[in-house]
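Trainee: Got a structure here, written out as structure tokens. Questions coming.
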Amino acid sequence: MAQEKFIVEVEPAKPAQNGKPSMGAVYRSLFAKDGFPPPIPGLDSCWDIFRLSVEKYPNNRMLGRREIVDGKPGKYVWMSYKEVYDIVIKVGNSIRSCGVDEGDKCGIYGANCPEWIMSMEACNAHGLYCVPLYDTLGAGAVEFIINHAEVKIAFVEEKKLPELLKTFPNAAKYLKTVVSFGNVTPQQKEEVEKCGVALYSWDEFLQLGSEKQFDLPVKKKEDICTIMYTSGTTGDPKGVLISNNSIVTLIAGVQRLLGSVNESLTVDDVYLSYLPLAHIFDRVIEECFINHGASIGFWRGDVKLLTEDIGELKPTIFCAVPRVLDRIYSGLQQKISSGGLLKSTLFNLAYAYKHHNLKKGRKHFEASPLSDKVVFSKVKEGLGGKVRLILSGAAPLAAHVEAFLRVVACCHVLQGYGLTETCAGTFVSLPNQYDMLGTVGPPVPNVDVCLESVPEMAYDALSSTPRGEVCVRGDTLFSGYYKREDLTKEVMIDGWFHTGDIGEWQPNGSLKIIDRKKNIFKLSQGEYVAVENLENIYGNNPVIDSIWIYGNSFESFLVAVLNPNQRAVEQWAQHNGVSGDFDSLCENPKVKEYILGELTKAGKEKKLKGFEFIKAVHLDPQPFDMERELLTPTFKKKRPQLLKYYKDVIDNMYKTK
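Written out as structure tokens, the structure is:
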């Protein structure tokens, strides 16, 4: 690779040998050319992150929520770092008084709120594994996680309590104490007590350990602080073990990165907490804010009211998944088109001028200060007026949306990439680098990265434009999958984590994600879909011979191409007065509607999540075959070839849906 501007080579490429694929050169961030950032003194665990900030910034605003006055939302009301600390100590004493000890597992279930963070910090204080319980991983996921992780105590949002109670009596094998973030009813108490489980409201629970004082255990870097469950291809979620070291190493890297581009976090920064804390992306961002004594305000839990919460909180850093930014983009486009000819002409002229200057390499605040003041200031005000940095993660952001926001948002718009297994941020684009549009930028300065050739997909890590599976090495990596050493060995090879994503190095040292090696993907809202599992569920229907499901990271729903069973389709057509031969039946909208209905029925029976339902189908009367290179000799689906073959069909399904 020529002209590596933002990465440095630390190891040369290795051609294929002993049956192993070839590996490209090993690169790291230019900001780590003299070595990775050293550990931050005194920061050995997640508890240290919080404890040191309480010592440094006791009176700083830490956690805020909107006050509700006469049923209407008011201003944000804040708790200081010291006030939060005092409650965390009480929560910790109460947890320990329930017989929960160091190394035990504590579940947290519900939307982001101050109590979520306080429960998490109590886990950090006492060396417990914090285990987020996350219901969008599929029906029965909460029960599965409780039993798989052997969760002893769980904190739960009041409105999620009925959902948690459905896991009993099965979950009662391990789960002995449940704490509601709000209130509990006498009926709910009675219901769980039958299973030998104690149920407390938040206020009751805080009183439990009021007369007791438990010593805090010594925490080590290698200790596990959280088990985060993510989708597995078999349908069962996988428990990703994340150590204190992974998180404190990431924080040191983020600090080096932001400092290198003059965007360091400060005590004055304000963050809106609305992305799920159950995901690593939001968890590590909030840890970074806590580390700097900054402020975290929580949304009200309703996406329709999100912009209102933004307006009241006035965040300085705004993190989002592409789905949220797509909504902002659509809303702005609507306002522009309905603003009349004069306004839209003015907007388009200002847009074209600033966009031209950005492409020429001007910094965003120099590209067109007049346009920012006169035309784009309303967009900035819509985001609270103080946002200096928008970070998109969890799924790819469409290039046209990214370009638009870079022009109109009057702040840096960056795109990142990472996995739960890499402790979130592994790549992030850099401010004022327009040529990084559509990429995830260079690596963060605490990991090494290389590409490994994938011959079966014709990706060559040694070609002039290196392409291959993205492999990551460094201290931010996870410590393995809980109770699944077999799965850990599949992805951790010679110290390298194999992401399953295909990347392409760009001339400036940024990375573009271009494909996926593994049969698991994300939709635009950041949800993982285990495609093989869904194909097994839907494929059980006698009206289907074979099914291939596809999801696009720029779309929010799934589509499918399937081979219907000829006899079943012809019988249905006969009973329903639909005429034609098999080929024409496969094109008939009524037949498609019938099969889609069958799929929906199967999805409901299996209690699939909304994003796992198929929204459009194409019926191919010709079975998937080896002649068209759609199947391997062992009849496994060749997914890249299926996508290539049915590309026009897929595009059409997304366009017309």
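First residue of the sequence shown? That's 1 in the UniProt record's numbering, and the numbers climb one at a time after it. Virtual Cβ for every residue (Gly too), placed ideally from N, Cα, C.
1. Using the DSSP secondary-structure output, state which residues sit across from Tyr271 in a beta bridge.
2. Can you give me the Cβ contacts of Val131 inside the same chain, cut-off strictly under 6 Å, excluding the 5 residues immediately before and after it?
3. Give the list of continuous alpha helix (DSSP H) stretches no shorter than 4 residues that lie fully inside the segment 364–442.
4. Does the separation of the CB atoms of Leu391 and Ile317 fall below 8 Å?
5. Would you call Val69 buried or exposed, if buried means 16 or more other Cβ atoms sit within 10 Å of its Cβ?
6. With C-beta atoms as the reference, is Ala395 less than 8 Å away from Ser479?
7. For a test of the three-state rule: what should DSSP assign to residue 687, helix, strand or coil?
8. Is the beta carbon of His126 sitting closer than 8 Å to the one on Glu102?
9. Any contact between the segment 434–442 and the segment 500–517? By contact I mean 3 or more CB pairs, one from each, below 8 Å.
10. Does DSSP classify Glu163 as helix, strand or coil?
11. Check whether the Cβ atoms of Arg467 and Leu451 sit closer than 8 Å, and answer yes or no.
12. Can you tell me whether DSSP reads Tyr351 as helix, strand or coil?
13. According to DSSP, Ile614 sits in a beta bridge with which residue or residues?
14. Decide if Gln574 is buried, meaning its Cβ has at least 16 other Cβ atoms within 10 Å, or exposed.
15. In this structure, does DSSP put Asn563 in helix, strand or coil?
16. Less than 6 Å between C-beta atoms, sequence neighbours within five positions excluded: which residues of the same chain meet that for Val254?
17. With a threshold of 7 Å on Cβ separation, who are the neighbours of Asp48 within its own chain once the five nearest residues in sequence on each side are excluded?
18. Using only the alpha-carbon positions, how far apart do Val303 and Val578 sit?
19. Let me check understanding here. Comparing Cα to Cα, which of Lys20, Met23 and Glu9 lies closest to Ala32?
20. Take Gly209 as the anchor and find which of Asp501, Ile145 and Ala122 has the nearest alpha-carbon.
21. Taking the alpha-carbon positions, what's the Thr136 to Arg66 distance?
22. When you compare the CB positions of Ser330 and Ile336, do they come within less than 8 Å of one another, or not?
23. Please list, in chain order, all residues of the same chain as Asn147 whose beta carbon is under 8 Å from its beta carbon, the five residues on each side excluded.
24. Where does Tyr538 fall in DSSP's three states?
25. Hey, Thr551 and Leu558: beta-carbon distance below 8 Å or not?
26. Tell me Trp496's beta-bridge partners as DSSP assigns them.
27. Do you know how far the Cα of Leu199 is from the Cα of residue 688?
28. For His355, which residues in the same chain have their Cβ closer than 6 Å to its Cβ, ignoring the five residues on either side in sequence?
29. In whole angstroms, give me the CA-to-CA distance for Ala398 and Met653.
Mentor: Quick answer:
1. DSSP lists Ile296 and Ile317 as partners of Tyr271.
2. Its chain contains Lys105, Gly107, Ala149, Val151 and Ile227 as the residues whose beta carbon lies nearer than 6 Å to that of Val131, once the 5 sequence neighbours on both sides are disregarded; these appear in chain order.
3. Under the rule that a run must span 4 or more residues, the alpha helix (DSSP H) segments found entirely inside the segment 364–442 read 364–367, 369–374, 377–382 and 399–408.
4. Yes, these two residues count as a Cβ contact at 8 Å.
5. Exposed.
6. In this structure, Ser479 does not lie closer than 8 Å to Ala395 by Cβ.
7. Residue 687 lies beyond the stretch modelled for the chain, which goes from 1 to 657, so this question has no answer here.
8. Result yes, Cβ atoms of His126 and Glu102 sit closer than 8 Å.
9. With the cut-off at 8 Å, the segment 434–442 and the segment 500–517 touch.
10. Of the three classes helix, strand and coil, the one that applies to Glu163 here is helix, per DSSP.
11. For Arg467 and Leu451, yes; Cβs fall inside 8 Å.
12. The DSSP-derived three-state label of Tyr351 is helix.
13. BP columns for Ile614 point to Leu558.
14. It is exposed - the Cβ of Gln574 has fewer than 16 other Cβ atoms within 10 Å.
15. Looking at Asn563 - three-state DSSP - the assignment turns out to be strand.
16. Contacts found: Cys288.
17. Counting only Cβ-Cβ distances below 7 Å, and skipping sequence neighbours, we find Gly42.
18. Roughly 43 Å separates the two Cα atoms.
19. Comparing Cα-Cα distances from Ala32 to each of Lys20, Met23 and Glu9, the minimum goes to Glu9.
20. A check of alpha carbon separations from Gly209 across Asp501, Ile145 and Ala122 identifies Ala122 as the nearest.
21. Rounded to whole angstroms, Thr136 and Arg66 show a C-alpha spacing of 26 Å.
22. No. Outside cutoff.
23. Correct list, in chain order: Asn170, Ala171, Lys173 and Tyr174.
24. Three-state result, Tyr538: helix.
25. Correcting the residue type first, residue 551 is Gly in the shown sequence and not Thr. Contact flag set, yes.
26. Looking at the DSSP output, Trp496 bridges to Ile493.
27. Given a span of 1 to 657 for the chain in the structure shown, any question on residue 688 remains unanswerable.
28. Taking C-beta separations shorter than 6 Å and ignoring five residues to either side along the sequence, the partners of His355 in its chain run Val407, following chain order.
29. Taking the straight line joining both Cα atoms gives about 19 Å.
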